[in-house]
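Be aware that the sequence shown starts at 1, since it is given in full-length UniProt numbering, and climbs by one per residue.
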Amino acid sequence: MPGLISEVMTEAIMKTEKKEKKEKKEKGDKKRKVVDSEESPAAKKVVVEDGEGQVAVLVKAAPAGLVDNKDFLASHDLRTEGGKVPAAFQTFKCAGFPSTVLAEISKAGFSAPSSIQAQAWPIAMEGRDLVAIAKTGSGKTLGFLLPGMMRIQKEKKDPRGGPMMLVLAPTRELAVQIKAEADKFGKSSKIMNTCAYGGAPRGPQLRDIRSGVHIVIATPGRLSDYIEGGLINLHQVSYLVLDEADRMLDMGFEPQIQAIVDQLPKSRQTIFFSATWPKEVKKIAANFVTNDPVHVFVGSVSDKLVANKAITQNVQMVKGASDKMTELNKILRKYKDTERVMIFCKTKRMCDQLHQAIGQEFWTGTIHGDKMQWERDQALKQFRDGSMPILVATDVAARGLDVPDVVAVVNFDFPTGIEDYVHRIGRTGRAGATGTSYTFFQDTDRKYARELVQLMREADQVIPPELAAMTSGGGGGWGGGGASKWGGGGGRGGGGRGGGGWGGGGGGGKRRW
Numbered sequence: 001m002p003g004l005i006s007e008v009m010t011e012a013i014m015k016t017e018k019k020e021k022k023e024k025k026e027k028g029d030k031k032r033k034v035v036d037s038e039e040s041p042a043a044k045k046v047v048v049e050d051g052e053g054q055v056a057v058l059v060k061a062a063p064a065g066l067v068d069n070k071d072f073l074a075s076h077d078l079r080t081e082g083g084k085v086p087a088a089f090q091t092f093k094c095a096g097f098p099s100t101v102l103a104e105i106s107k108a109g110f111s112a113p114s115s116i117q118a119q120a121w122p123i124a125m126e127g128r129d130l131v132a133i134a135k136t137g138s139g140k141t142l143g144f145l146l147p148g149m150m151r152i153q154k155e156k157k158d159p160r161g162g163p164m165m166l167v168l169a170p171t172r173e174l175a176v177q178i179k180a181e182a183d184k185f186g187k188s189s190k191i192m193n194t195c196a197y198g199g200a201p202r203g204p205q206l207r208d209i210r211s212g213v214h215i216v217i218a219t220p221g222r223l224s225d226y227i228e229g230g231l232i233n234l235h236q237v238s239y240l241v242l243d244e245a246d247r248m249l250d251m252g253f254e255p256q257i258q259a260i261v262d263q264l265p266k267s268r269q270t271i272f273f274s275a276t277w278p279k280e281v282k283k284i285a286a287n288f289v290t291n292d293p294v295h296v297f298v299g300s301v302s303d304k305l306v307a308n309k310a311i312t313q314n315v316q317m318v319k320g321a322s323d324k325m326t327e328l329n330k331i332l333r334k335y336k337d338t339e340r341v342m343i344f345c346k347t348k349r350m351c352d353q354l355h356q357a358i359g360q361e362f363w364t365g366t367i368h369g370d371k372m373q374w375e376r377d378q379a380l381k382q383f384r385d386g387s388m389p390i391l392v393a394t395d396v397a398a399r400g401l402d403v404p405d406v407v408a409v410v411n412f413d414f415p416t417g418i419e420d421y422v423h424r425i426g427r428t429g430r431a432g433a434t435g436t437s438y439t440f441f442q443d444t445d446r447k448y449a450r451e452l453v454q455l456m457r458e459a460d461q462v463i464p465p466e467l468a469a470m471t472s473g474g475g476g477g478w479g480g481g482g483a484s485k486w487g488g489g490g491g492r493g494g495g496g497r498g499g500g501g502w503g504g505g506g507g508g509g510k511r512r513w
């Protein structure tokens, strides 16, 4: 009898407990409510009230007014590879950025994320490795900066123990540009950064590093020097960015990058950006991005560079320096006084000579490898603010320099390779804008004709018959011509972009555009 009573009581207790659990669950379900998230129209908040407070969990939901993700990817020429890829952020609010960051984005005049931003952000914010292949001027800087900053805020590490985010860039110009964006978008969150590059005093850079910064933006050479000297600790880096990795490879930085990566935690997140996807770049991506990365491709991707279709390419056949100066005069006369034009030369000497020649008439700046860092910084500043709207440069400025509203690029000399040609003209037509490039092509440039014609055809450009003829062995030669240094006679006329030739004589003093 006692055993039977015990069994009955046990069964009754179990039924009671089961009933209580069911009632508790139903009660909890009633208290659970879904409210629209103010942070993101692409998400809803599930708020669970447990009697001791509220626990908010963000879950994805498809908001009204946004297109299907597949349609979005197709319309933005986006392709992804690598497991389950999160949906693209079609609006800035979808990303859940703080209101201060959204205010800066609005202030900058951006109405919607660029293609690479839309897909890179959700991937990076999930903590996944990313390999992104996108043309220059695609908005990639914010594509990697903002997720990194959100990670820094989440980790809340002491920057005096070393940076949490490391960005490697091929040139000091690009490094400085990235720093400017990091300053702008990190200010409200008190995220500190410094820029380490060669050609500038080490003192201020090392002072920043010792005092503690969240982000270090550096060129591989200078950072390698600091590592070898025991001047920087990278053990806290959890977010590594390799920006314009193809250019760093071209410049021979692979050994330095390897030495730097060897100093970083293996558990880091790595973001890899490149404008090209040849086998050499694929190899270093596989070496440095090892945590099951997602690949994102914007536009057509092949083993060679693809020119931005937003740039109208004009190739003008010339015989020598005299022809070049005549054509340059015609080009400059097309644009308003406040419009920015970049002119590229092959050598530092030609850069200085051309700067001196057109500087007699126009406010003109110049940058190349022999210029002191302060001279380069000043020239870029004046070009950006419009006080010197013409910038004459060598290829040192062709990669990484991001100046808004450059309306035209002139290749006074054809570069030493088709890749440099693409990077040069990529200074215009950036961030969704259109642009125009002008390239002077001589018979001595004939060896580049075939690649140039192919590049232009892929970008749906008009190809001069003389250039096309060169690819089939025709076209004859262009003769000597243009014996004088800059072309003679005529003078500059009465100032402005009008007037005759660019030789000596002619009135009109220097004037601002």
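Yeah, the Cβ is synthetic: ideal placement off N, Cα and C, and Gly gets one too.
Boundaries (first-last residue) of the beta strand (DSSP E) holding A134:
Premise fails: A134 is in no beta strand (DSSP E) and is neither H nor E.
Residue from T444, A469, T290 and W363 with nearest C-alpha to A321:
Closest by alpha carbon: T444.
Within the chosen definition, does the region 219 to 238 reach the region 200 to 209 through at least 3 CB pairs nearer than 8 Å?
Output reads yes: the region 200 to 209 touches the region 219 to 238.
Unbroken alpha helix (DSSP H) run spanning S224, endpoints
Counting along the chain, the alpha helix (DSSP H) containing S224 begins and ends at P220 to E228.
Residue ranges of each beta strand (DSSP E) within the UniProt domain "Helicase C-terminal" (327 to 471), 3 or longer:
Segments of the beta strand (DSSP E) lying fully in the UniProt domain "Helicase C-terminal" (327 to 471): 340 to 344, 364 to 367, 390 to 393, 406 to 411 and 435 to 441.
So, T80 versus Q119, is the Cβ gap smaller than 9 Å?
In contact: T80 and Q119 (Cβ atoms closer than 9 Å).
Is it a yes or a no for the region 387 to 395 touching the region 351 to 371, going by three-plus beta-carbon pairs under 8 Å?
Contact between the region 387 to 395 and the region 351 to 371 is present, because at least three Cβ pairs lie under 8 Å.
Are D243 and T141 touching if we call contact CB-CB under 9 Å?
The answer is yes: Cβ separation under 9 Å.
Would you tell me roughly how many angstroms separate the C-alpha atoms of D413 and F344, rounded to the nearest one?
C-alpha separation (whole angstroms): 7 Å.
Roughly how many angstroms lie between the CA atoms of G506 and V403, to the nearest whole one?
The predicted model places G506 with a pLDDT of 33, which falls under 50 and marks its position as unreliable; any figure quoted below should be read in that light. So the two alpha carbons sit approximately 33 Å from each other.
Where do the ends of the beta strand (DSSP E) carrying A112 lie?
A112: not part of any beta strand (DSSP E); DSSP gives it neither H nor E.
Inter-residue Cα distance where the pair is S238 and F288:
Roughly 14 Å separates the two Cα atoms.
On the DSSP letters alone, give me the boundaries of the alpha helix (DSSP H) that E181 sits inside.
Boundaries of the alpha helix (DSSP H) around E181: R172 to G186.
Residues in its own chain within less than 8 Å of I123 by CB, not counting five upstream and five downstream?
Taken in chain order, the residues that qualify are V85, P86, L130, V294 and V296.
Fully enclosed by the region 234 to 269, which alpha helix (DSSP H) runs are 4 residues long or longer?
Qualifying alpha helix (DSSP H) stretches, in chain order: 245 to 250 and 254 to 261.
Do the region 151 to 165 and the region 330 to 338 make contact, defined as three or more Cβ pairs closer than 8 Å?
By the Cβ criterion, the region 151 to 165 is not in contact with the region 330 to 338, since fewer than three pairs of Cβ atoms, one from each stretch, lie closer than 8 Å.
Less than 9 Å separating the beta-carbons of L102 and F92?
If you check the CB distance, L102 and F92 come in under 9 Å.
Confirm the yes/no value for this check: CB of L328, any heavy atom of the ligand MN, distance under 8 Å.
Looking for the ligand MN in the displayed structure turns up nothing, as the structure carries no ligands at all.
Run through DSSP, which three-state label would V318 get?
Annotated three-state conformation of V318 is coil, per DSSP.
Which of the three DSSP states is assigned to S274 in this structure?
Residue state for S274 is assigned as strand, using DSSP reduced to three classes.
Looking at A218 and Y197, is the spacing between their C-beta atoms short of 9 Å?
Cβ distance < 9 Å, so Y197 and A218 count as in contact.
Closest by C-alpha distance to A200, when choosing among V213, K283 and Q373:
If we check each option's Cα against that of A200, Q373 comes out closest.
Could you tell me which of V406, T100, K381 and L452 sits nearest to N314, measuring between CA atoms?
Selected option, being the one with the closest Cα: L452.
Could you say which of L73, M248, I133 and V410 lies nearest to A175 if we only look at CA atoms?
Of L73, M248, I133 and V410, the smallest CA-CA separation from A175 is found for M248.
Please confirm whether F440 and D323 have their CB atoms less than 9 Å apart.
Yes, they are a contact pair.
Helix, strand or coil for Y313? Go by DSSP, reduced to three states.
Tyr is not the amino acid found at residue 313; the sequence shown has Gln there. In the structure shown, Q313 sits in a strand (DSSP, three-state: E or B).
Extent of the continuous beta strand (DSSP E) run through R160
Counting along the chain, R160 falls outside any beta strand (DSSP E), and DSSP gives it neither H nor E.
For my contact list, V396 and T136 are in at a C-beta cut-off of 8 Å; report their separation, rounded to the angstrom.
Actually they are not in contact, since the Cβ atoms of V396 and T136 sit about 15 Å apart, beyond 8 Å.
9 Å Cβ cutoff met for A286 and I133:
Cβ distance not < 9 Å, so A286 and I133 don't count as in contact.
Going by C-alpha to C-alpha distance, which of D405, K179, K279 and D292 sits closest to G268?
Here residue 268 turns out to be Arg, not Gly, going by the sequence shown. It is D292.
Starting from L206, follow the alpha helix (DSSP H) in both directions and report where the run begins and ends.
Counting along the chain, L206 sits inside the alpha helix (DSSP H) bounded by residues R202 to S211.
Measuring alpha carbon to alpha carbon, tell me which residue in N69, A74 and D68 is nearest S300.
Looking from the CA of S300, the closest CA among N69, A74 and D68 belongs to A74.
So is G96 buried or exposed if we call it buried at 16+ other beta carbons inside 10 Å?
Per the 10 Å Cβ criterion, buried.
Can you tell me where the alpha helix (DSSP H) holding V281 begins and where it ends?
K279 to F288 is the extent of the alpha helix (DSSP H) around V281.
Measuring straight from C-alpha to C-alpha, what distance separates K279 and P204?
If you take the alpha carbons of K279 and P204, they lie about 39 Å apart.
Tell me C195's beta-bridge partners as DSSP assigns them.
DSSP, once it has assigned bridges, lists I217 as partnering C195.
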